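Quick note, the sequences are listed as chains A and B, same order.
Counting along the first sequence from 1, when you hit position 188 you're at 188 in my numbering, and nothing is skipped either side.
Numbers given in my numbering equal positions in the second sequence, counted from 1, plus 1000.
Where a beta carbon is used, it is the ideal one built from N, C-alpha and C, also for glycine.
Bear in mind that the values here come from a model prediction, so they are computed numbers and not experimental data.
Here's the structure we're looking at; comments come further down.
Number of protein chains: 2
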Amino acid sequence: MENRAIGVFDSGLGGLTVVKEIQKLLPNEKIVYFGDTARVPYGSKSEKVVVKYSKEITRFLLTKNIKMLVIACNTATAMALEEIQKSVDIPVIGVIKPGSRRACKTTVNKKIGIIGTKGTVDSGSYPKEIKAINSESEVFQKACPLFVPLIEEGMIEDSITDEIASRYLKEFDYTGIDTLVLGCTHYPLIKNSLKKIVKDEVILIDSAEETAIEVRAILYNKRILRQNKGEESEFYVSDSPDKFVEVGQLFLGDSLKKAEFVDIEKYSCDEE
Amino acid sequence: MENRAIGVFDSGLGGLTVVKEIQKLLPNEKIVYFGDTARVPYGSKSEKVVVKYSKEITRFLLTKNIKMLVIACNTATAMALEEIQKSVDIPVIGVIKPGSRRACKTTVNKKIGIIGTKGTVDSGSYPKEIKAINSESEVFQKACPLFVPLIEEGMIEDSITDEIASRYLKEFDYTGIDTLVLGCTHYPLIKNSLKKIVKDEVILIDSAEETAIEVRAILYNKRILRQNKGEESEFYVSDSPDKFVEVGQLFLGDSLKKAEFVDIEKYSCDEE
């Protein structure tokens, strides 16, 4: 059992920020990653569609003999985590609980900002998780629908990205937040833009590191942490592997050598 | 035969600009429209995926007993028109030939600008069509990948859209173009932004009207123009119908009363 891989998926390449932290913390583990690059972005889609896509991807990853599943996408976590947990018998975690926990550990004044996709913000998942940890917290949310298209276009260091970020973050001006959760796994890629705009005292939280810590805790408790170095991680996408590898290497480096195309619609299930 | 509908599809809601012109020119015709709102945008996807999606949609529309098919999406026209034409026995047209023809009729100095998605621009379809009509033409292209996300977000009259448009169109500053083709059916929705930026003498071309003229010519030649007022047009989408109807009514008005969800993946074909 311990020698099976960890499945990780995201709507596109944002989930690689989670892969990076898992690799850092658990270098023995083999990861099988799926990026739904044909159907990115998820953030503007309805719950029905995101649940359907998440189930297809789960079905695909199960064919890869995984021992646990990480939904490294905030929108899919918000909309599909519970359904997926019910449908499989391996541990499944998302990124919203870890991100919320980290935010609650970080904030001093208990005023927390959340930025994410429209789907994540509308779901109310972050306020719910944060208040479950600390009911006195005040949570302020802002949907930032253009960030994912900008990042998927590679406009990482760009004056237009700065300008759009500046408009979105203006919403937090009078809230007094001291902590801002990057509630989308794409957003760490534009951390530099965001840092330029928020007040110096605001700490940016990304859930990737905390998610990796939760992965370790679960594997440890179930005694299925891998003891010896596993095989190379594998990467699968629903559109052109070349573009994915090109951009993905920017933050995974050499551990992302190649990716393979998967016709993900084949994992659709008729009864839905 | 003449009482069958005209099938029209697009990646999202942009194709409704073509529906509007067909309805204006051919008020008797019934239209069956499909907007691939779950998988929009197409402009950044690979040819393989766009061809696959276009075939699925064609298969769906054929179940609606259509007499001709209009690919009201520049990216899908550029990548999939020929394949679709080969695979069905009804007339199939795209929007690139009509747009090119209109541009060639309009330009005086034979310097034509094209804006479109990355997929459309990289395909080289516009330069090819335009030079086939007039080999002396000079064609200048610029991909504008953020316009579709902006429009699908409803940021139609917005300073950010103006700013992004201004950056993209700067590319044409020293080209001397007198004609600019809106090489994406979404773009007519931000005509006001574009007009503010281009020089007064530059005429903006959208292919919707010319496409409607071609539809009429084909139906007339085949003697299958509808003589009496047909049933209400039908609209189908791959994600939430509500959002589609809300935004779609902005330009179709009351003729778009409702839309229906279709699980488009069911029209996938295994042999691909």
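Item                                                                                                                          : Value
Contact set between the segment 159–181 of chain A and chain B, restricted to residues whose Cβ is under 9 Å from the partner : Ser159, Ile160, Glu163, Ile164, Arg167
Interface partners of B:Asp1239 on chain A, CB under 9 Å                                                                      : Ser44, Lys45, Ser46, Lys48, Val49
Exposure label - A:Cys184; buried when at least 16 CB within 10 Å                                                             : buried
8 Å Cβ cut-off: residues of chain B touching A:Arg39                                                                          : Ala1038, Arg1039
7 Å Cβ cutoff, B:Glu1153 in contact with chain A                                                                              : yes
Simplified DSSP state of B:Lys1257, which is helix, strand or coil                                                            : coil
Cβ-Cβ distance between A:Thr117 and A:Asp178 below 7 Å                                                                        : no
Inter-residue spacing [alpha-carbon to alpha-carbon] between B:Ile1205 and B:Glu1171                                          : 18 Å
Straight-line Cα distance separating B:Lys1055 from B:Lys1086                                                                 : 11 Å
Burial state of B:Met1001 (16 or more Cβ within 10 Å)                                                                         : exposed
Endpoints, the alpha helix (DSSP H) within which B:Gln1023 is located                                                         : 1016–1025
Where the beta strand (DSSP E) containing A:Gly99 begins and where it ends                                                    : Segment 96–106 is the alpha helix (DSSP H) holding A:Gly99; no beta strand (DSSP E) there.
B:Ile1071 vs B:Gly1094 beta-carbon contact at 7 Å                                                                             : yes
Every unbroken beta strand (DSSP E) within the segment 224–254 of chain A, with a cutoff of 3 residues, ordered by chain      : 234–237
Option in B:Met1068, B:Leu1081, B:Cys1104 with minimal Cα separation from B:Asp1089                                           : B:Met1068
Spatially closest choice to A:Glu210 from A:Phe9, A:Thr17, A:Gly154, by CA coordinates                                        : A:Thr17
Enclosing alpha helix (DSSP H) for B:Phe1060 [first to last residue]                                                          : 1047–1062
Among A:Arg216, A:Leu25, A:Pro145, A:Leu252, the one whose alpha carbon lies nearest that of A:Tyr168                         : A:Pro145
Interfacial residues, the segment 252–265 of chain A to chain B, with Cβ spacing under 7 Å                                    : Glu265
Cα-Cα separation, B:Asn1065 to B:Arg1226                                                                                      : 14 Å
Under the three-state DSSP convention, the category A:Leu81 falls into                                                        : helix
Cβ of B:Ser1125 within 7 Å of any chain A Cβ                                                                                  : no
Ranges of the alpha helix (DSSP H) found wholly within the segment 1158–1226 of chain B, counting only runs of at least 4     : 1159–1170, 1191–1197, 1208–1221
Residues bridged to B:Gly1035 (per DSSP)                                                                                      : B:Asp1010, B:Val1237
A:Ile6 to A:Ile213 span [Cα, whole Å]                                                                                         : 14 Å
Three-state secondary structure assigned by DSSP to A:Glu138                                                                  : strand
Any chain B beta carbon closer than 7 Å to A:Ser268                                                                           : yes
Candidates B:Ser1240, B:Gly1230, B:Ser1137, of which the one nearest B:Ile1264 by Cα                                          : B:Ser1240
Segment contact, 8 Å Cβ cut-off, at least three pairs: the segment 189–203 of chain A with the segment 227–237 of chain A     : no
Stretch-stretch touch, CB-based, cutoff 8 Å, three pairs: the segment 190–198 of chain A with the segment 126–133 of chain A  : no
Proximity below 7 Å, CB of B:Ile1057 to CB of B:Phe1009                                                                       : yes
CB contact below 7 Å: B:Pro1145 versus chain A                                                                                : yes
A:Pro149 burial status per 10 Å Cβ neighbour count (16 or more: buried)                                                       : buried
Proximity winner among B:Lys1030, B:Val1040, B:Arg1059, B:Asn1003, relative to B:Tyr1267 (alpha-carbon distances)             : B:Arg1059
Residue range of the beta strand (DSSP E) that includes A:Ile66                                                               : 66–71
Which of helix, strand or coil DSSP assigns to B:Val1148                                                                      : helix
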